[in-house]
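Protein chains: 2
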Amino acid sequence: MNKISEQSKAIQDLKFKIQNLPIGIFDSGVGGLTVYRALHNRLPNEHFIYLGDTARVPYGTKSLATVERYAIENSQFLALRGIKLLVVACNTASALALPKIREKIDVDIVGVIGPGAREAVKITKEKGIPKIGVIATEATVQSRAYSEAIRKVSEKAEIIETPCPLFVSLAEENWTQEPETYSIAKKYLQKIVDAKVDALVLGCTHYPILRGVIQQTVGENVTLIDSGQATAEEVNKLLNEKDLANPQKVKGERRLGDDLDHFYVTDAAERFARVAERFLGVKPAKLEAIEVFGFDELKN
Amino acid sequence: MNKISEQSKAIQDLKFKIQNLPIGIFDSGVGGLTVYRALHNRLPNEHFIYLGDTARVPYGTKSLATVERYAIENSQFLALRGIKLLVVACNTASALALPKIREKIDVDIVGVIGPGAREAVKITKEKGIPKIGVIATEATVQSRAYSEAIRKVSEKAEIIETPCPLFVSLAEENWTQEPETYSIAKKYLQKIVDAKVDALVLGCTHYPILRGVIQQTVGENVTLIDSGQATAEEVNKLLNEKDLANPQKVKGERRLGDDLDHFYVTDAAERFARVAERFLGVKPAKLEAIEVFGFDELKN
């Protein structure tokens, strides 16, 4: 074998190795499992490492500096395990911390805000002036990240953003059918209903769990945008563009939470498994409690 | 001045110095302000340092090990500032972490579980077999700390414990009058109503904010026990027994959140101030955002 073919083989091997790496996903807790579900279903040949920062959940009521710090620690934890791509499944972390994570981590990073915003504009593009609603946590709404991302692709869009703080607890309690949930949704979404939006972005990973209630409240004419699904589409595109997709077909059938995917939580694995079952339909096969704190001590 | 009178003066000075120290209070967030309010009203000559661990709130869904770690870090932060007594205002931390805090901190420590439990038994003591309800976070209920504390003073008491997870968000949203809150309370408290309890312990610092709804749901015959108020009584007793009460009368009138009391939060001071206003009626005069993490690094 000559030098050149040796080198091309080495490059091929390396490429293959990278293509075989998992995709990292982190979220403040269990909500990002809706993003994992979308990714897993869209990309059956990929395997995933999921980190839920259950020791410090929720992020949606916390400050920029704190969300940045937590997001960096989570990203470092995943990067140190070897990943080919990082998905920031948490809307709050996507809204607040992407630039800081990019400073620290040297892999491609996809947040959920951009894909959700672009999908909302895409599906409303036949309207003269699209009206887009966004519901999210307090921190995400305050950051105006969705508004900025939407305006980047549609300058004239009308955007109505509103926080729905109780939705997170309601989703975690699995109150998806209770009359109280409908009543609370009616209150929170009144502004959205009055504005007669064309599309509504579910800007928090917990909200797809309450999809039924939300759809019924805003009416069938409003298209709900699940940022997780939009993110899975963009990840698929990026993997192909960058030649990072795993070329090996997984033998047999994949299912959510199977042992090709590895789940880490920073606390209370038992509670995570219980809530994960509500979100995925099954308990993850590989679930481990770890610590992500104190990476900054590595510097000392 | 002879040796002996010199020494007694030195002792007197030292005692005076200790009596002048503030009382430390920590909570997972803003909820402990209901305990601060009770302490402040009961002990107008004392001043307080309050720490709300808003960067890591809530504790009620987290594990024993994590709650212990957070509680120790908070206690160390307060102890390093000089306090004569530590009040663990958080029910979850009181239920799970008192023994570990006692290992690390060398001042008297009062949690909210014991005082709440004793008060419940005291006010039901004329009943043959007192029936006591306890509502709290998931972690506190799972710990059975209230049941154990009640049994210590009344072996035969019947105890019904139940978690009310949505109450925390409802209190922070200030939904104290909304029909949804009444409806959710009816669901959560059905077991308590069916059991015909004599007293109901509000075993989470957020719950006194929903006192009106809770009282109406369980009926006027049930005495609600605010653990914060019971704790203030026990702290008063302890200060007198140990000669730790501040003998100096504060000049002028005290008010909640005045500049004799110092408030620290680990994150999002603005949001804390906003919610504090709902809990206290005023914003605290002295409010500062700090970090409590990494005290263990001091060991290195």
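First to last, the sequence lines map onto chains A and B.
End of the first sequence = 300 in our numbering, gap-free, step of one.
End of the second sequence = 1300 in our numbering, gap-free, step of one.
Ideal placement from N, C-alpha and C gives every residue a C-beta, glycine not left out.
Values in this document were obtained by computation on a predicted structure and should not be read as measured data.
Quick one: is I192(A) near chain D, going by C-beta distance under 7 Å? Looking at the structure shown, chain D is missing, and the protein chains on hand are A and B.
Going along the chain, which residues of its own chain have a beta-carbon closer than 6 Å to the beta-carbon of S1005(B), five neighbours each way excluded? Correct list: empty, nothing qualifies.
In chain A, which residues lie with their C-beta within 9 Å of the C-beta of L1166(B)? L166, S169, L170, E173, W175 and E180
Is the Cβ-Cβ distance between V1110(B) and V1141(B) less than 7 Å? no
I1123(B) versus T1223(B): straight-line alpha-carbon distance, rounded: 8 Å
Would you please verify whether the beta carbon of D108(A) is less than 7 Å from any beta carbon of chain B? no
What are the uninterrupted segments assigned as alpha helix (DSSP H) that are 4 or more residues long and contained completely in the stretch 1111–1167 of chain B, given in chain order? 1113–1123, 1138–1143 and 1145–1153
Compute the beta-carbon to beta-carbon distance between G116(A) and S227(A), rounded to the nearest angstrom, for a pair I have assumed lies under 8 Å. 3 Å
Taking L21(A) as part of the beta strand (DSSP E), name the residues at either end of that continuous run. Here L21(A) belongs to no beta strand (DSSP E), and DSSP marks it neither H nor E.
Which of helix, strand or coil does DSSP assign to S1005(B)? Helix at S1005(B).
With a threshold of 6 Å on Cβ separation, who are the neighbours of G1029(B) within its own chain once the five nearest residues in sequence on each side are excluded? G1052, T1054 and V1057
Please state whether DSSP places E288(A) in a helix, a strand or coil. strand
With 7 Å as the limit, tell me which residues of the stretch 50–81 of chain A have their beta carbon closer than that to any beta carbon of chain B; keep them in chain order. A55, R56, T61, K62, S63 and T66
Going by C-alpha to C-alpha distance, which of R1255(B), A1289(B), V1218(B) and Y1050(B) sits closest to G1082(B)? It is Y1050(B).
Closer than 7 Å by beta-carbon distance: list the chain B residues that pair up with D267(A), in chain order. Simply K1062, S1063 and T1066.
Chain B residues whose Cβ lies nearer than 7 Å to that of R271(A): T1061
Residue interval of the alpha helix (DSSP H) (run including V80(A)): The sequence given here has Leu at residue 80(A), not Val. Residues L64 to L80.
Can you name the start and end residues of the alpha helix (DSSP H) that H1040(B) belongs to? L1033 to R1042
Any C-beta of chain A sitting closer than 7 Å to the C-beta of I1184(B)? yes
Three-state class that DSSP yields for A230(A) in the structure shown: helix
List the endpoints of the continuous beta strand (DSSP E) containing L98(A). L98(A) -> not in any beta strand (DSSP E); alpha helix (DSSP H) instead, spanning N91 to K104.
Other residues of its chain near K1283(B): CB distance less than 7 Å, five sequence neighbours each side excluded: G1257, A1273, A1276 and E1277
Quick check: what's the CA-CA separation for A1195(B) versus K1131(B)? 8 Å
Simplified DSSP assignment, three categories, for T1059(B): Checking the displayed sequence, the identity of residue 1059(B) turns out to be Tyr instead of Thr. Coil.
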